[in-house]
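If you're matching positions, the sequence shown starts at 25 in my numbering and goes up one per residue.
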Amino acid sequence: MHWNILGHEPAVNYLKNHANLGKTRHAYLITGPDGVGRESLAKAFVKTLNCTNLQANQEFCGECLTCRQIEEERFPDLSFLRVAEGSKDLKIDQIREMQQTLALAPYQSNYRIVIIPDFQKATMGASNALLKSLEEPPSKAILILTADAKESLLETISSRCEVLRLRPSTVEEVKEYLIEEKGIALLRAARIAHLSGGRVGTALGFDQNQELLDAYDQALTDLEYLMTSRLRERLQYVEKLQQRKAASREHFVFLISTWLTYWRDAMIRRESTQIPLVNIEHEDQILEIAKLIRPQIIERILKEHEKALGQLDANVNPRLVIENLLLHLPLVKF
Ligand SMILES: [Zn+2]
25 MHWNILGHEP
35 AVNYLKNHAN
45 LGKTRHAYLI
55 TGPDGVGRES
65 LAKAFVKTLN
75 CTNLQANQEF
85 CGECLTCRQI
95 EEERFPDLSF
105 LRVAEGSKDL
115 KIDQIREMQQ
125 TLALAPYQSN
135 YRIVIIPDFQ
145 KATMGASNAL
155 LKSLEEPPSK
165 AILILTADAK
175 ESLLETISSR
185 CEVLRLRPST
195 VEEVKEYLIE
205 EKGIALLRAA
215 RIAHLSGGRV
225 GTALGFDQNQ
235 ELLDAYDQAL
245 TDLEYLMTSR
255 LRERLQYVEK
265 LQQRKAASRE
275 HFVFLISTWL
285 TYWRDAMIRR
295 ESTQIPLVNI
305 EHEDQILEIA
315 KLIRPQIIER
325 ILKEHEKALG
335 QLDANVNPRL
345 VIENLLLHLP
355 LVKF
C-alpha cells in the first residue's frame, strides 16, 4: 500500500520492476510540475531498494528503521543535493562535492543514491559537470534527478537518464485521495483539491498549513478589492504591505502567483463552464469578470502577471513590479 502514489501507476510499476529484477539504471529523471509528487516517487523507489521488510509486490514497509531514515532524509547511503538557501541555482562546486561522495562505496546498502531535485536550476557549469557522472557512472551509484520538464535540461543529460514523466491528476482524483487515504473531511478536501490544480503534493501542503490557506484566501480577497478600487487605493495597498513588512520578494511572488490562478479561472470560464475552477469559492465573481472583461484583456493581464513573476525572479524591485501590475488592472464593478 505504501507506494500509493496517486495517478502515477505506470511510473510506479516501471520502478518496481527495476527494483524487483535488480535492473536499476545509473540515472533517472522524474519530470512534472511542482507538487506533482516527483520527490515522493524518488523516495518510494529508494525505500523499495533498501527496505529491510519488503512485502509482496515490491511494497516497502514504511516502518522499518531504513524506511523511516529515508523518509526523514538521514539514511547514510542517500543524499539530497538542493539549491543552497539564499541561492537561485545549483552550482558547479555542489556537483563536484557530490561526485566525491558518489564515488565512495555504499556504507550499508547496495547503492549509493543521490537525489537532485529541480535540476532545471543547475547552472550551465553544474550541468556540464554532472555529465561526467552520467557518462562514466560509478558502479554502485544511482542518480535521481527531478525537473519541471525534460526540455529544461541539456539534451545530453536527459538522454542519459531513464525519463519518467508525471502528470497532475484530476481535481476529482485528488479529492477522493484526500478523503479516502488522508481522512480529510469532504468540504475541506474538495476545496484543497481545487486549489492544488490536481497536484497531490501541493494539496497536502495546503492541508498541513492553515496559515498558507488563509494567506491564499486573503490574497484573493485583496485582488477583488483592488479591482474595484481606483489607483490611489491600489497604491495605498502597496504602501500598507510595505509598512506591514509583508513586502518581501517571496511574498510578492506568492501574491502574484495566487492572482494568476484567479485570472486563469476567468479565462477558463470565458471558454467553458465544464472545466472545474481552482478558486471555486470565488466562482460568482469569476463568472462576472468573465462576462465583463474581454478575453483579449484577460489574456493581457495573464501575460502581465507572468512577466511580473519573471521580473521578480530577475531581481527587479518588487514594489515597482507590483505597482506596475496594479496600474494596468482594469476597474471592475461587481
Ligand atoms: Zn521498510
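For each residue, glycine too, the CB sits at the ideal point set by N, CA and C. If you're wondering where the values come from, they're calculated on a predicted model, not measured in any experiment.
| Query | Result |
| --- | --- |
| Beta bridge counterpart(s) of T226 as assigned by DSSP | According to DSSP, which records beta bridges pairwise, T226 is partnered with nothing at all. |
| DSSP-derived helix/strand/coil call for Y52 | strand |
| Runs of beta strand (DSSP E) lying entirely within the segment 70-130, each at least 3 residues, in chain order | 102-104 |
| Check: N77 C-beta below 8 Å from any heavy atom of ligand 1 | yes |
| Cβ contact (3+ pairs, closer than 8 Å) linking the segment 320-331 and the segment 252-265 | no |
| Closer than 8 Å: F84 CB and nearest ligand 1 heavy atom | yes |
| Close beta carbons around K357, own chain, < 7 Å, minus the five adjacent residues each side | T252 |
| The segment 132-144 touching the segment 106-116, judged by at least three CB pairs closer than 8 Å | yes |
| Given Q335 as reference, the closest of S281, E312, T90 and K156 once Cα atoms are compared | S281 |
| Spatial neighbours of G149 in its chain, beta-carbon cut-off 7 Å, leaving aside the 5 residues before and after | I116 |
| Check: K71 C-beta below 8 Å from any heavy atom of ligand 1 | yes |
| With 16 other Cβ atoms within 10 Å as the buried cut-off, status of K264 | exposed |
| Three-state secondary structure assigned by DSSP to E186 | strand |
| Collapsed DSSP secondary structure at V340 in the structure displayed | coil |
| Closer than 8 Å: E87 CB and nearest ligand 1 heavy atom | yes |
| Three-state class that DSSP yields for M25 in the structure shown | Low confidence applies here, because M25 scores a pLDDT of 40, under 50, leaving its location unreliable; read the following figure in that light. It is coil, neither helix nor strand. |
| Validate contact between the segment 209-225 and the segment 58-76 using beta carbons, cut 8 Å, 3 pairs | yes |
| Beta strand (DSSP E) segment containing T170, residue limits | A165 to A171 |
| Straight-line gap, F99 to L244 (C-alpha atoms, nearest Å) | 41 Å |
| T90 beta carbon near ligand 1 (any heavy atom closer than 8 Å) | yes |
| Backbone secondary structure at V138 - three-state DSSP | strand |
| Simplified DSSP assignment, three categories, for A243 | helix |
| Test item: CB-CB of A146 and L188 under 9 Å | no |
| Residue span of the alpha helix (DSSP H) that contains K156, given as start and end | M148 to E159 |
| Closest residue to R184 among E197, L247, I208 and K156 (Cα-Cα distance) | K156 |
| Assigned exposure category for A338 - 16 Cβ within 10 Å defines buried | exposed |
| Where D58 falls: helix, strand or coil (DSSP) | coil |
| Exposed unless 16 or more other CB atoms sit within 10 angstroms - verdict on Q124 | exposed |
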